[in-house]
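Same order as they appear, the protein sequences are chains C and H.
Residues in the first sequence are numbered from 1 upward in steps of one, following full-length UniProt numbering.
Residues in the second sequence are numbered from 1 upward in steps of one, following full-length UniProt numbering.
Here a beta-carbon is modelled for each residue, glycine too, at the ideal position from N, C-alpha and C.
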Amino acid sequence: MSSLQDTFFEECEELLLALDEGLGQVVSGAHDKETVNAVFRAVHSIKGGAGAFGFDDLVSFAHIFETVLDELRADRLSPDADLARVLYAASDRLAALVEATRDGTAADAAARDSVLADLNGYLGNAGQEEAFNFPTLTLDLEPLAAAPAEWYEIVFRPHDGLSANGHEPALMFAELAEMGEIGVVLDDSALPDWDGFDPEKSYLGWTISLCGPQTEPAVAAVFDFVEGLCDLEIRHIPAEDAPTPDSVPDLAVEVLPVETRPPGAPPPADLPDKARAEHQGGARPTLRVDLERVDRLINTVGELIINQAMISQRIHALDLPAGNPLENELEDYKLLARDIQEGIMAIRAQPVKPLFQRMARIVREASASTGKDVEFVTTGEATEIDKTLIERLADPLTHMIRNAVDHGLEPSDARTAAGKSAQGRITLSACHRSGSVFIEVSDDGAGLNREKILGAAVRKGLVSESADFSESEIDALLFLPGFSTAAEVSNLSGRGVGMDVVKRAVQDLGGRITISSVRGRGTTFTIVLPLTLAVLDGMVISVAGQTMVMPITAILETIRPEVQDLHSLGAEGQLLSIRGQYVPVVDVASSLGLTRPDRVNEEGVLILVETQTQERRAFAVDMVHDQRQVVIKSLEGNYGVVPGISAATILGDGKIALILDPDSTAQLSPRPTPMKEEA
Amino acid sequence: MSMTAEDTALQKDLEVVTFSVAGQSYCLDIQSIREIRRWSPVTALPHAPADVLGVMNLRGSVIPIYDLAARFGLDNIRQSERNVIIVVALEGNIVGLLVEAVSEVLSVSRADIQPTPDIRSEATRRCITGVISVNGDMIRMADLKAVIHPQKVTPA
Numbered sequence: 001m002s003s004l005q006d007t008f009f010e011e012c013e014e015l016l017l018a019l020d021e022g023l024g025q026v027v028s029g030a031h032d033k034e035t036v037n038a039v040f041r042a043v044h045s046i047k048g049g050a051g052a053f054g055f056d057d058l059v060s061f062a063h064i065f066e067t068v069l070d071e072l073r074a075d076r077l078s079p080d081a082d083l084a085r086v087l088y089a090a091s092d093r094l095a096a097l098v099e100a101t102r103d104g105t106a107a108d109a110a111a112r113d114s115v116l117a118d119l120n121g122y123l124g125n126a127g128q129e130e131a132f133n134f135p136t137l138t139l140d141l142e143p144l145a146a147a148p149a150e151w152y153e154i155v156f157r158p159h160d161g162l163s164a165n166g167h168e169p170a171l172m173f174a175e176l177a178e179m180g181e182i183g184v185v186l187d188d189s190a191l192p193d194w195d196g197f198d199p200e201k202s203y204l205g206w207t208i209s210l211c212g213p214q215t216e217p218a219v220a221a222v223f224d225f226v227e228g229l230c231d232l233e234i235r236h237i238p239a240e241d242a243p244t245p246d247s248v249p250d251l252a253v254e255v256l257p258v259e260t261r262p263p264g265a266p267p268p269a270d271l272p273d274k275a276r277a278e279h280q281g282g283a284r285p286t287l288r289v290d291l292e293r294v295d296r297l298i299n300t301v302g303e304l305i306i307n308q309a310m311i312s313q314r315i316h317a318l319d320l321p322a323g324n325p326l327e328n329e330l331e332d333y334k335l336l337a338r339d340i341q342e343g344i345m346a347i348r349a350q351p352v353k354p355l356f357q358r359m360a361r362i363v364r365e366a367s368a369s370t371g372k373d374v375e376f377v378t379t380g381e382a383t384e385i386d387k388t389l390i391e392r393l394a395d396p397l398t399h400m401i402r403n404a405v406d407h408g409l410e411p412s413d414a415r416t417a418a419g420k421s422a423q424g425r426i427t428l429s430a431c432h433r434s435g436s437v438f439i440e441v442s443d444d445g446a447g448l449n450r451e452k453i454l455g456a457a458v459r460k461g462l463v464s465e466s467a468d469f470s471e472s473e474i475d476a477l478l479f480l481p482g483f484s485t486a487a488e489v490s491n492l493s494g495r496g497v498g499m500d501v502v503k504r505a506v507q508d509l510g511g512r513i514t515i516s517s518v519r520g521r522g523t524t525f526t527i528v529l530p531l532t533l534a535v536l537d538g539m540v541i542s543v544a545g546q547t548m549v550m551p552i553t554a555i556l557e558t559i560r561p562e563v564q565d566l567h568s569l570g571a572e573g574q575l576l577s578i579r580g581q582y583v584p585v586v587d588v589a590s591s592l593g594l595t596r597p598d599r600v601n602e603e604g605v606l607i608l609v610e611t612q613t614q615e616r617r618a619f620a621v622d623m624v625h626d627q628r629q630v631v632i633k634s635l636e637g638n639y640g641v642v643p644g645i646s647a648a649t650i651l652g653d654g655k656i657a658l659i660l661d662p663d664s665t666a667q668l669s670p671r672p673t674p675m676k677e678e679a
Numbered sequence: 001m002s003m004t005a006e007d008t009a010l011q012k013d014l015e016v017v018t019f020s021v022a023g024q025s026y027c028l029d030i031q032s033i034r035e036i037r038r039w040s041p042v043t044a045l046p047h048a049p050a051d052v053l054g055v056m057n058l059r060g061s062v063i064p065i066y067d068l069a070a071r072f073g074l075d076n077i078r079q080s081e082r083n084v085i086i087v088v089a090l091e092g093n094i095v096g097l098l099v100e101a102v103s104e105v106l107s108v109s110r111a112d113i114q115p116t117p118d119i120r121s122e123a124t125r126r127c128i129t130g131v132i133s134v135n136g137d138m139i140r141m142a143d144l145k146a147v148i149h150p151q152k153v154t155p156a
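In structure tokens:
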């Protein structure tokens, strides 16, 4: 019985997500009949399931909710801003009721009753209309668009350095195309003759016209990373001057593929292409699998890879004559094994969308309790990351979002006074970039008040008054334990957890978090995470005869030092001078207690590492072998925490190599090293 | 250590695997033993206590290997060809225990287990739940929990 209930609550979670998503489309006006049906079905299924288990509270609430949705479905209600608010509130309340039912706790009856009263209000009206046989309201899509289309003209001319830095204009255009309807006109007037052509120079420019619901900063964000590498002009075209969609210049030389619309769909201004694409893609069949089974499979495949490596080593040792077919077969085996590994890893990867939708609920709650008007924008919802990452990001993200609403955004009147729109905006985005996942939470609020932060830190005795801090160092103070600037502890953020908890949660996932803030324009928190928790890019090194792995993410460069670059300091200290800077040398072997401390000579190799506190250390090791991906095996489960070591991995020969934790190893070094007996 | 109520309640026979550590006979409930492996070199852990030999690859899992003799407060294991690793599981933790040699599987009655006599060595007493007399030989019942969670046993 209880497992049936578990399944019901699992399904509820999915249904609630579908409900939220559908409501988002209904409210933005970007919906069709099927969306309203889907929303209705979600609530109906919850009601049905709840009825089977006798959860009467849930049933009666879902029933009223469903009845209102039915009115909407029958076109007897039209989705205006008020109804949208009520529907959202009802959806949040339904989620809370499901949660309360699952955990066996008491639901907030007052909140439920007020939502019920609102819902009943709509039923009353609808009933009247029916009774007096009023002409029914038709669901007219066009005037309902909550996010009206904006027109932008973007003039973009890359400098020579843009391509050299690895940027690709086509990708930016693709990103713009996701925002709405675009037209691209190529300006090749600067293109010289063949004789004068230098392939490393940039001759082309583009004029892009974009029509979509985005705001100007969102459009500008596409070009964030090429700032200074191009001439860029983004012009917002006032509505009265905006061309109709048909008048998008037809002479476009290079028009990017924009998703085709199914016949009969509303015009693009009302329906973001992306939303519909995701909506249509949502119906693919899925399979529910116990996570433990997948993990077992991942483990076994890891073994398969190791086994394959061992077989290849053995076969190479046989010294077979060249051209032996066995070599080819072996190569195939290797490729197949890698394919399987990638496939299995992909099973664990999931889109961040459900997480982002949960955050939308947090924003609604937070904006309701602070009385701030907040627009919540998400991008990159389809970005896939490891399931464990998604689960473990929920708490830190919740906290960051609450903070953004509570502290980041100013009250409406302050915003208006500062010449901004009264409605604040919180943007949550995810993307893959260079082998990592980037998740950003940004607000368009007042930005960090650095004097206040520094003042608070000094008052709390976290830093000394005389210290001279750079802006980024002041920002980093936010992550210190025990730091909070809120003048009064608010109901929202002041729950005894600070940004230090967020930072630790992110670090535990192998990631890092950074802040950037511009006074008056807002603050952005960026979380950078590894793609998966299971694999790590590492440098294989030897230390005191042991093979170890150093995570690539921490490594800046490897150095073979000259004698004159090494300087002694104190009894055991040693510094490396590199490009005019002195960097402390960390003797890894003695830090880990493997050998007695020894001065580095020119035979060793130094690995320059940046710790999470942005300090540099030169790690002395015996040898650097190669770089490879390793499967992370936890030590903590069966053993416990090992100082200086984050985990272990198994190498091709079946032997275990420990994975160094550069931060904790660096911290081990200043203490007198505990020695093991040496013969 | 006295016997728990459960032990006295269940008068059933118990199967144990006996082995020797620093010349003394010990045994473990066969239910807790996953497998017995030949000794193979381990990877040493930094800053590990003397009774932790290192970690070993057990079909893809990284498991710690303890020197049982050192755990019991005896000398280190005498190195020999017959040294084996007993792989045990407790509450989801899998660890390997290095012993000198495994002897046999015995059937004993729970009633035959006597409480540990009062001895001085704290490290030994805390790792043993009782003793069994078999053909004039005394076999010590190892307490797996105390062996696996060293923080509660050491420092002696």
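- Sequence-distant Cβ neighbours of THR416/C in its own chain, meaning closer than 7 Å and more than five residues away, are ALA422.
- Of the candidates VAL17/H, GLY92/H, LEU98/H, GLY23/H, LEU98/H places its Cα closest to the Cα of GLY54/H.
- For LEU389/C, the enclosing alpha helix (DSSP H) begins and ends at 387 to 403.
- Put simply, the CB of LEU448/C is far from chain H, with every gap to its CB atoms at 8 Å or more.
- Distance check between ALA382/C and each of GLU331/C, ALA404/C, SER209/C, PHE438/C places PHE438/C closest, using alpha-carbon atoms only.
- Neighbours of GLU329/C in chain H, taken as residues whose beta carbon is under 9 Å from its own, are absent, since the nearest beta carbon is some 24 Å off.
- Collapsing the DSSP output to three states places ASN324/C in coil.
- Against chain C, the beta carbon of MET56/H has neighbours under 8 Å at ILE656, listed in chain order.
- Contact note: LEU592/C reaches chain H through PRO46, HIS47, using a C-beta cutoff of 8 Å and chain order.
- Nearest to VAL605/C by alpha-carbon distance, out of HIS625/C, LEU594/C, SER590/C, THR611/C, is HIS625/C.
- Of all residues in the stretch 122 to 148 of chain H, none places a beta-carbon less than 7 Å from a beta-carbon of chain C.
- Put simply, the CB of VAL95/H is near chain C, with a gap under 8 Å to one of its CB atoms.
- Looking at the DSSP output, PHE619/C shares a beta bridge with VAL586/C, ILE607/C.
- SER189/C and ARG157/C have their C-alpha atoms roughly 12 Å apart.
- CA-CA distance, GLU34/C to LEU83/C, rounds to 19 Å.
- In the DSSP assignment, GLU451/C falls within the alpha helix (DSSP H) that extends over 450 to 459.
- Against chain H, the beta carbon of GLY637/C has neighbours under 9 Å at SER61, VAL62, GLY92, ASN93, ILE94, listed in chain order.
- Counting C-beta pairs closer than 8 Å gives fewer than three between the stretch 21 to 32 of chain H and the stretch 564 to 573 of chain C, which falls short of the contact rule.
- Taking 8 Å as the threshold, the shortest C-beta distance from GLY644/C to chain H falls below it.
- Taking the C-beta atoms as reference points, ILE426/C is found no nearer than 8 Å to VAL528/C.
- Bridge pairing for THR553/C: absent [DSSP].
- Each of SER470/C, LEU393/C, THR665/C was checked against the Cα of PRO530/C, and the nearest Cα belongs to LEU393/C.
- PHE525/C carries a strand assignment under DSSP once its states are collapsed to helix, strand and coil.
- Per DSSP, the continuous beta strand (DSSP E) segment holding LEU14/H begins and ends at 13 to 21.
- For the stretch 161 to 214 of chain C, the continuous beta strand (DSSP E) assignments of 3+ residues that do not extend past its boundaries occur at 181 to 187, 205 to 212, in sequence order.
- With a threshold of 8 Å between beta carbons, GLU292/C makes no contact with chain H.
- Excluding sequence positions up to five before and after ALA404/C, its CB lies within less than 7 Å of the CB of ILE426, VAL441, ASP443, all in the same chain and listed in chain order.
- GLU150/C is not a Cβ neighbour of GLY51/C, given a cutoff of 8 Å.
- The Cβ atoms of MET141/H and ILE113/H lie closer than 8 Å to each other.
- When DSSP reads this structure, THR649/C sits in a beta bridge with ALA657/C.
- PRO79/C and VAL26/C have their C-alpha atoms some 7 Å from each other.
- At the C-beta level, LEU210/C and ILE154/C come within 8 Å of one another.
- In the three-state DSSP reduction, GLY424/C falls in the strand class (E or B).
- Contact check for ALA457/C against LEU480/C passes: the beta carbons are separated by less than 8 Å.
- Under a 10 Å Cβ-count criterion, TRP194/C is classified as exposed, with fewer than 16 other Cβ atoms of the shown protein chains found around its own Cβ.
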